Every structure is written in structure tokens, then in C-alpha cells.
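Input: a single structure, listed below in C-alpha cells.
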Amino acid sequence: MKYINYYIIIFLVCANSCKPELPIDLPYAVKESLSLAKDNKVELENVIRKYSRYKKDSLKLKAVYFLIENMRWHTSKKVINKSTDLLSIINWVDDKYYKIAQGKSLDSLKSD
Numbered sequence: 116m117k118y119i120n121y122y123i124i125i126f127l128v129c130a131n132s133c134k135p136e137l138p139i140d141l142p143y144a145v146k147e148s149l150s151l152a153k154d155n156k157v158e159l160e161n162v163i164r165k166y167s168r169y170k171k172d173s174l175k176l177k178a179v180y181f182l183i184e185n186m187r188w189h190t191s192k193k194v195i196n197k198s199t200d201l202l203s204i205i206n207w208v209d210d211k212y213y214k215i216a217q218g219k220s221l222d223s224l225k226s227d
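Sequence positions in the sequence shown follow our numbering and run 116 to 227.
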């Protein structure tokens, strides 16, 4: 019984470590987009693996390739310089809205 447990554990570890590989014939633009993808690269590769398993999903795979190819043109970046003037205006408006939401009238807001 003890050895059976060892065999089961070894089998489960081996079965879990087997992942299908990416298709060899990836389009160049997809490879380029995958190289640019940082945090999402693993997820994008998982989608490609999922739809490359079966012939019936070939149209879905083409759609995935199209989306991934065009992702390289749509990036976002972190805002480094925030305008302090804009933030102060937003905070002022937020404060006024909060006072209205608390049940105060507009006349009391004009006196501030």
C-alpha cells in the first residue's frame, strides 16, 4: 500500500508537469507581440495552446493570432507626472459632492 501511494504521487507530478508546447509555426507578428508582452505573456501562450489543440478551433486560433498581433500597437503606460492643480480641483469637487450627498443644501455650499 505504501508503494502505491508513491506511484500515485509520481504519476500526478509527471502528469501535472506536461504542458503542450506552442505551435512551431507561429506568425512572426505573434512572436514579436509575445516578446513585448510582459506580465500577460503566460496567459497569451495559454490561449494559443488551448485553441491549437483541435482542428475544429482553427478559426478561433486565427482570431487569437489576429488579436495578439494587433496588441503591440495598443499599449498603456503609467502616468509619471500628475498635475497638482487638477488634483486639487478634483478634490474640491469631490468634497462639494460629498456635502450634497450628506443632505446639505446648495445654499450652504455657496457660502463656503
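Virtual Cβ for every residue (Gly too), placed ideally from N, Cα, C. All figures in this text were calculated on a predicted structure; none of them were measured in a lab.
Answer yes or no: do E158 and L149 have a C-beta to C-beta separation smaller than 8 Å? Not in contact: E158 and L149 (Cβ atoms no closer than 8 Å).
To the nearest angstrom, report how far apart L174 and V162 are at their CA atoms. Just so you know, the alpha carbons of L174 and V162 end up roughly 13 Å apart.
Exposed or buried, Y118, counting other C-beta atoms within 10 Å across all chains shown (16 or more means buried)? A residue is called buried once 16 or more other Cβ atoms fall within 10 Å of its Cβ, and Y118, having fewer, is exposed.
Exposure of S203, with buried meaning 16 or more beta-carbon neighbours within 10 Å: The residue in question, S203, is exposed, as its Cβ has fewer than 16 Cβ neighbours within 10 Å.
Expressed to the nearest angstrom, what Euclidean distance is found between the alpha-carbon atoms of K211 and L201? A direct Cα-to-Cα measurement between K211 and L201 gives close to 15 Å.
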